[in-house]
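Residue numbers (the UniProt record's numbering): 1 to 265. Glycine included, C-beta positions come from ideal geometry on N, C-alpha and C. Because the structure is a prediction, the values reported are computed rather than measured.
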Ligand SMILES: [Zn+2]
Ligand SMILES: [Zn+2]
């Protein structure tokens with residue numbers, strides 16, 4: 001999945017700003033430590049190199065650099081897939097092992113696009129639907145299932161350009177956010193989109209902001225990840241929180257202390 005999505009990313013032709021945003025979405029979902037869908041065997045230097053590119057301020061010469069951002073990591077994911085599953089098509093292998101029975105994919109005919117789409121419709125869509133099983137909406141899914149649904153949805157929608165034959169599947173696909181997409185709102189109403197731009201918790205003054213570089217939540221220590229990644233940043237201190245972690249915060253803000261620290265530096 002990582003390989004397929006970075007493929008879509010590299011061919012996207014987005015602006016520098018869009019590329020940076022999408023790059024972070026992919027980076028935070030697949031590559032950072034404890035990422036929901038972390039790609040196996042990625043060395044720290046590869047991750048650090050990407051982090052460095054994403055951390056430096058935007059400039060117009062960055063396009064090329066951004067496009068080539070994931071090449072090293074892609075190579076690792078391909079090597080990994082080849083090691084494990086030499087006789088199946090890469091396309092269907094990466095990351096799908098947990099969702100699909102590998103034997104189901106054995107009949108895929110290489111290069112026959114109509115047949116490919118049919119197989120994707122009959123095999124991928126039920127798996128995609130299973131991810132949503134029992135969940136009232138996208139937001140109530142587990143982190144990993146959310147990430148997997150987004151990744152799978154992206155490949156089905158943007159990679160294969162598949163329109164599911166089944167109505168239920170089509171609706172699910174419409175609801176699911178995808179990577180490398182300009183308009184993320186679409187028909188999919190992210191509940192947290194309606195969350196307040198600013199909140200006050202325990203003296204902290206939190207402002208909701210987009211996340212473009214790796215930040216970790218003060219409360220649960222997990223990275224802020226995903227499509228349209230947003231987090232609450234306190235304007236008084238350095239605390240950064242997941243939107244879902246604001247109610248669990250126990251530490252108060254110490255504006256006096258931070259101001260003192262600022263004066264000293
Ligand atoms: Zn604070
Ligand atoms: Zn958190």
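Distance cut-off 7 Å: residue 234 Cβ against heavy atoms of ligand 2: no
Exposure of residue 56, with buried meaning 16 or more beta-carbon neighbours within 10 Å: exposed
7 Å Cβ shell around residue 254 - same chain, five flanking residues per side excluded: Excluding residues up to 5 positions away in sequence, 237 lie with their Cβ nearer than 7 Å to the Cβ of residue 254 in the same chain.
Limits of the unbroken beta strand (DSSP E) element including residue 208: From DSSP, the beta strand (DSSP E) with residue 208 extends over 204 to 210.
Residue nearest to residue 71 in terms of C-alpha spacing, selected from 170, 139, 131 and 23: 23
Residue 245 (DSSP reduced to helix, strand or coil): Here residue 245 sits in helix by DSSP.
Separation of residue 42 from residue 207, as counted between CA atoms: 33 Å
For residue 234: DSSP bridge partner residues: 206
Where residue 17 falls: helix, strand or coil (DSSP): helix
Those residues which DSSP pairs with residue 200 across a bridge: 205
Nearest-angstrom Cα separation, counted from residue 130 out to residue 199: 36 Å
7 Å CB neighbourhood of residue 233 in its chain, flanking five on each side removed: 206, 207, 209 and 240
Residue 227 versus residue 115 - alpha carbon distance: 31 Å
Assigned secondary structure, residue 213 (DSSP; H/G/I helix, E/B strand, else coil): Coil.
From 202, 225 and 242, residue whose alpha carbon lies closest to that of residue 219: 242
Buried versus exposed, by CB contacts within 10 Å (16 or more), residue 165: exposed
heavy atom of ligand 2 below 7 Å from residue 142 C-beta: no
Residues bridged to residue 49 (per DSSP): Secondary-structure assignment with DSSP links residue 49 through no beta bridge to anything.
Distance, residue 197 Cα to residue 251 Cα: 21 Å
Beta-carbon proximity of residue 147 to residue 128, cut-off 8 Å: no
Alpha carbon of residue 37 to alpha carbon of residue 177, nearest angstrom: Here the C-alpha atom of residue 37 lies approximately 16 Å from the C-alpha atom of residue 177.
Spatial neighbours of residue 10 in its chain, beta-carbon cut-off 7 Å, leaving aside the 5 residues before and after: 67
Residue 237 beta carbon near ligand 2 (any heavy atom closer than 7 Å): no
Cβ-heavy atom distance, residue 204 to ligand 2, below 7 Å: no
Rounded C-alpha distance that separates residue 3 from residue 203: 44 Å
Closer than 5 Å to ligand 2: residues, by C-beta to nearest heavy atom, in chain order: 217, 219, 220, 242 and 245
Heavy atom of ligand 1 within 7 Å of residue 161 beta-carbon: If you check the C-beta of residue 161 against ligand 1, you find no heavy atom less than 7 Å away.
Spatial distance of residue 77 from residue 156 (CA atoms): 20 Å
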